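Scroll down for the structure; my scribbles are underneath it.
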Amino acid sequence: MQVVFLDTVHPILEERLTSEGFQCIDATKSDLETCHSLLQNAVGIVIRSRFPMYEAFLKYAPKLQFIARSGAGMENIDEAYSRERNIQLFNAPEGNRNAVGEHALGMLLALLNKFIQGDQQVRKGIWDREGNRGEELDGKTVGIIGYGNNGRAFAKKLRGFDSKVLVYDKYVDNLTDDFVTQVSLEQLYQEADVISFHIPQNEETLYWVNEHFFESLAKPIYLLNLSRGKIVDTQALLNAISKGQVKGAGLDVLEFEKASFENFSDSERLSVFQELIASEKVILTPHVGGWTTESYYKLSDVLADKILAFYR
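As structure tokens, this is what we get:
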């Protein structure tokens, strides 16, 4: 049984599949036309985000039984078409949830304590203690929107702080975690000092963070987004910062990313992006929240578990 690797992942996945009798084909450097020909006998495809898994692509894989995505988000896969074809879909949010939780906490602490601003000023010979006075996380209310693998991991990291953690997830009922409180979206907007997004990108969540979102808040907040870039309307965020509705923002993902998440699109030249990078109240990282040395291994190991369990 042939499995075509379209993206580079940790070699543990190929090692484990090969040991169970699969033939693994490296197509990570092949062009689109070559990939099409390699799919003719494939029962499985391993991807990150190089090619969208839509009908136009998947029609070249008539024997396909599964798609394994090294990551959490599934927005580049046509799930309805996959169901029609009885193609099993695997992802691996369990593999990078700890990394995302730690990254979110690091961003939040950096925002509260003005780490980036202070570092840059000291390097320029500026010794401004008052201008870099921080805030403590203890005593604050943190709102988490989306309580799947990543949201839960962030909540777990917050247990070492004397913070109140509120959770909103319309698809999760009757939470039993004793360190969070499940609330309505309205209550979260009223009470939160920090709001962190851990949700998939779909029609329901696209540009959730917009002008209406900021107008719904009862007080200024710190905003974190470690989900997908198009959850946040960048111009609306910049307007909210200028109005004092947002005290600081940590963005690991950007509205301007290409679909592959590997780089910016041409939109990076827009004035709104220039305004974003000029803001001292924003911390930016290049979509690396779940991109640690440890998660690189775990993502592939989790996928191996799921694929082999499917065939057993």
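Here my numbering = 1-based position in the sequence shown + 3. All C-beta atoms in this analysis are idealised placements derived from N, C-alpha and C, irrespective of residue type, glycine included. Note that this is a predicted model, so its numbers are computed, not measured.
query	result
Per-residue burial, N228 [other beta carbons within 10 Å of its own, 16 or more giving buried]	buried
Closest by C-alpha distance to G149, when choosing among G163, K167 and S199	S199
Spatially closest choice to L209 from V197, Q277, D141 and S230, by CA coordinates	S230
Counted within 10 angstroms of its Cβ, other Cβ atoms place Y174 as buried (16 or more) or exposed	exposed
Pairwise C-alpha distance: G293 and P203	14 Å
Three-state secondary structure assigned by DSSP to Q248	coil
Separation of D181 from G251, as counted between CA atoms	29 Å
In chain order, each beta strand (DSSP E) run of at least 3 residues that lies wholly inside the segment 256–306	285–287
Three-state secondary structure (DSSP) of I15	helix
Local Cβ density within 10 Å of A59, reported as buried at 16 or more and exposed below that	exposed
Host beta strand (DSSP E) of G121 (start-end)	Where G121 is concerned, there is no enclosing beta strand (DSSP E), although the alpha helix (DSSP H) it sits in stretches over F118 to R126.
CB of C38 within 7 Å of CB of V6, strictly	no
7 Å Cβ cutoff, E265 in contact with chain B	The chain inventory of the structure shown lacks chain B, comprising one protein chain alone.
For D10 and R53, the rounded distance between their alpha carbons	7 Å
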